[in-house]
Structure formats: C-alpha cells, structure tokens
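Chemist: For the sequence shown, the numbering used here gives the first residue as 30, with consecutive numbering after it.
Ideal Cβ positions, reconstructed from N, Cα and C, are used throughout, including at glycine.
Supplied in structure tokens, the structure appears directly below.
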Amino acid sequence: MMILAVLILINVLIVVIFRMYPRYGIRNLKAIILNYFICFITGSLILGHPAIGTSVIHEPWLPYALVISGLFITIFNVVALAVQKVGLIITGIFQKLSLIFPFFIGVWLFEEASSVLKWSGVGCGVLAIIMINYPDRRDIDYFNLIKKYWYLPLLILAGTGTIESVLFYVDEMAIVPKADIGFVSACFLFAGLWGLLYCLVTNNRSFSRRDVLGGIALGVPNFFTIYLLLFSLNQGWDGSELFPVLNVSVLALTAFVGLVFFGESLNRMNALGILLAIFCVLLISI
30 MMILAVLILI NVLIVVIFRM YPRYGIRNLK AIILNYFICF ITGSLILGHP AIGTSVIHEP
90 WLPYALVISG LFITIFNVVA LAVQKVGLII TGIFQKLSLI FPFFIGVWLF EEASSVLKWS
150 GVGCGVLAII MINYPDRRDI DYFNLIKKYW YLPLLILAGT GTIESVLFYV DEMAIVPKAD
210 IGFVSACFLF AGLWGLLYCL VTNNRSFSRR DVLGGIALGV PNFFTIYLLL FSLNQGWDGS
270 ELFPVLNVSV LALTAFVGLV FFGESLNRMN ALGILLAIFC VLLISI
C-alpha cells in the first residue's frame, strides 16, 4: 500500500510539473521528448550501467517496448491536438477512463477476483471521473465540442488504455520479470528516439535551455510512474484493482491540489465527484 501511495503522489507531481510549464515558457513537446532520455538515464544510474545494450535485440519484451514507446509519443500528440480542439476537460475525462481496459482484461482474461463491490467501485470511479471534470453549464457544451472531433477522445481512450493493458499483460505473462528496469528504460529511450524522428520530419529541431530543464524536472519522477506500476503488479496487486484505484485517486488528489495551491475553483458537482472517488477507492479496496 505504501508503494501505491508513492505512485499516486508521483503521478500528481507530474501533473503539477505540467501545470508549471506555461509559467516558465517551457514547450510541452520538446520537454517531453527530452524527459524520455532523462528517464533512460535515471534507469541506468539506478543499475550502475547502461540500462540496455546490444543484447536488447534478444529480449522477449522488445516488441512490447517498441509498441509502448510508439504509443507514448503518438498519444501525446493526439492529446495536444484534442486539448486544442475539444478542450482540456473532455481530454482529461477520456484519459482517465482508460481504467476500464485493464479492469476488464484482469477480470475476464486473467480471471482475477470479481465481486459486486469491485464492479460497483469501478462504476463509481467512472462516474467520479466525469463529475470531477464537469464544468459549469455556461462554460462548456460537451456535445457541440465532441460533435466535430469525436474521434480524438476515442483515440485517447484507446491509446491510453492500450498502454496500460500492455504493461499489465507483460507483467502477468512474466514477459517482464520483477519489474525489469531494462524494459522500463527501453520504453522511454525508444519513445525519445521516436520523438527526435518526429522533430526531424517536421523540421522542428530547436531545444531551449528551459525545455531542457523542463525535461529534467519531468524525467526523474516519470521513470518511477512506470517502474512502480510494474513493481506493484509484480508484488501481487490485481490489475483490475490497481488501475482503477490509481487513476481515480490521482484525479481526485490533483483536483484537491489545484484547489489548494493553484486557486482553481470547484463547483458542487466537482466536490461530489471527489467524495465519490474516495468511496470508489474504498469499495475496490474492500
């Protein structure tokens, strides 16, 4: 449980770091690409040697690392476009709804324990995600925003859900034994290389000092979001419990941090959503 608490706090810290980027003129894409390389360096420092070498081509997890790394950079660009076209709120909702993917995989594919409480908890979690993000009616019209760009939220849901599901699968099938740091580092290194390739193709090659600092600030905690997730699964957490608890807890705590430290406002629906998120975690934990 302590590891899960740390994992939740690190995920919230990453949201706070992103929240600070505009204030310091840090460009998201550039900082994120650099962050992937910092993640790889972090893994190498933990091991005391380069996290991967030429023998990586013989690793059974290599295809999965390539898929995850490609999704990392692809989904980021889709998220950036979705924020511009349909708004941050709808984008955030569909990102967190990804919890349904590993939940169903855990219950149906890997036959993890299922109960009325667990199903009720996940249902409450989905509702809490929508309520926490729900704005005042005068601020936004969900249907009009989604009508034209309906495919963007669905791509985010599918992409984020696929990443979580693949991570769950490689652990459950022992393809990545004992939360292998080499696998985690490889995912980030390949993502960074995909990102550099994207910059070359789009002729967007300049990196400022602020981008570098933003990448460093993001990279270290970001490494542990994946490593501790795999570590928790390896220690016996059911994926059908871990992913819902993690996603809902991060969203609820992020809303609280925004209220206390950034002066963001919560309407009645948001506040009820936070309470429902707590109830969701209790149901699933029981």
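Got a sec? Which residues, its chain only, sit under 7 Å from F308 by beta carbon, not counting five neighbours each side?
Modeler: Same-chain partners within the cutoff: C153.
Chemist: Going straight from the alpha carbon of L304 to that of I37, what length do you get?
Modeler: Rounded to the nearest angstrom, the two C-alpha atoms are 17 Å apart.
Chemist: For the alpha helix (DSSP H) containing K114, name the first residue and the last one.
Modeler: It spans 91-114 - the alpha helix (DSSP H) in which K114 sits, taken as one unbroken run.
Chemist: Could you have a look at W223 and say whether DSSP puts it in helix, strand or coil?
Modeler: Here W223 sits in helix by DSSP.
Chemist: Count the CB pairs spanning the region 189-204 and the region 129-144 that are closer than 8 Å, and state whether there are at least three.
Modeler: Short answer: they touch.
Chemist: Kindly indicate which three-state DSSP category A34 falls into: helix, strand or coil?
Modeler: Reduced to three states, the DSSP call for A34 is helix.
Chemist: Mind checking I62: buried by the 16 CB within 10 Å criterion, or exposed?
Modeler: Buried, because 16 or more other Cβ atoms sit within 10 Å of the Cβ of I62.
Chemist: Please look up how many angstroms separate the CB atoms of I313 and G190, rounded, as I've assumed it's under 8 Å.
Modeler: Contact doesn't hold; Cβ gap of about 18 Å is too wide.
Chemist: Out of L262, I55, S269, G116, point me to the one whose CA is closest to A142's CA.
Modeler: Selected option, being the one with the closest Cα: S269.
Chemist: Give me the residue from N57, M30, M31 with the minimum Cα distance to R239.
Modeler: Closest by alpha carbon: N57.
Chemist: Please look up how many angstroms separate the CB atoms of G224 and I102, rounded, as I've assumed it's under 8 Å.
Modeler: At roughly 5 Å, the Cβ-Cβ gap stays under 8 Å, so G224 and I102 are in contact.
Chemist: I believe I122 touches A281 by the beta-carbon criterion, under 8 Å. Please report the beta-carbon distance rounded to the nearest angstrom.
Modeler: With a Cβ gap of about 14 Å, I122 and A281 do not count as contacting.
Chemist: Check the C-beta distance from I43 over to P250 and give it rounded, since I have them as a contact under 8 Å.
Modeler: With a Cβ gap of about 6 Å, I43 and P250 count as contacting.
Chemist: Pull up the CB-CB distance for L184 and V310, whole angstroms please, since I reckon it's below 8 Å.
Modeler: With a Cβ gap of about 28 Å, L184 and V310 do not count as contacting.
Chemist: On the three-state DSSP scale, how would you describe N276?
Modeler: It is helical.
Chemist: Assign T71 to buried or exposed, taking buried as 16 or more other Cβ atoms, counted over all protein chains shown, within 10 Å of its Cβ.
Modeler: When all chains shown are included, T71 counts as buried.
Chemist: So, helix, strand or coil for G54, using DSSP?
Modeler: Residue state, collapsed to three classes: coil.
Chemist: Please state whether the Cβ-Cβ distance between Y256 and A220 is less than 9 Å.
Modeler: No; because the gap between Cβ atoms is not below 9 Å, this pair is not in contact.
Chemist: If I follow the unbroken alpha helix (DSSP H) through E193, where does it start and stop?
Modeler: Segment 180-201, the alpha helix (DSSP H) holding E193.
Chemist: Look at the alpha carbon of S73 and the alpha carbon of F253, and state the distance between them as a whole number of angstroms.
Modeler: C-alpha separation (whole angstroms): 13 Å.
Chemist: Let me make sure I understand the geometry here. Which of K114, A187, Q264, N64 has the alpha-carbon closest to that of I104?
Modeler: I104 has its Cα closest to that of A187, out of K114, A187, Q264, N64.
Chemist: Which same chain residues end up closer than 7 Å to A284 when comparing Cβ atoms and leaving out the 5 residues on each side of it in sequence?
Modeler: Only I161, L295, N299, I303 meet the Cβ criterion.
Chemist: Hey, A246 and I75 are a contact pair by Cβ (cut 8 Å); roughly how many whole angstroms apart?
Modeler: Going by Cβ atoms, the distance from A246 to I75 rounds to 18 Å, so no, they are not a contact pair.
Chemist: If you scan the region 233-300 from start to end, which runs of the beta strand (DSSP E) of 3 or more residues do you find wholly inside it?
Modeler: The qualifying runs do not exist here; there are none.
Chemist: What does the alpha-carbon distance come out to for the pair G77 and I86?
Modeler: Those two C-alpha atoms are separated by around 21 Å.
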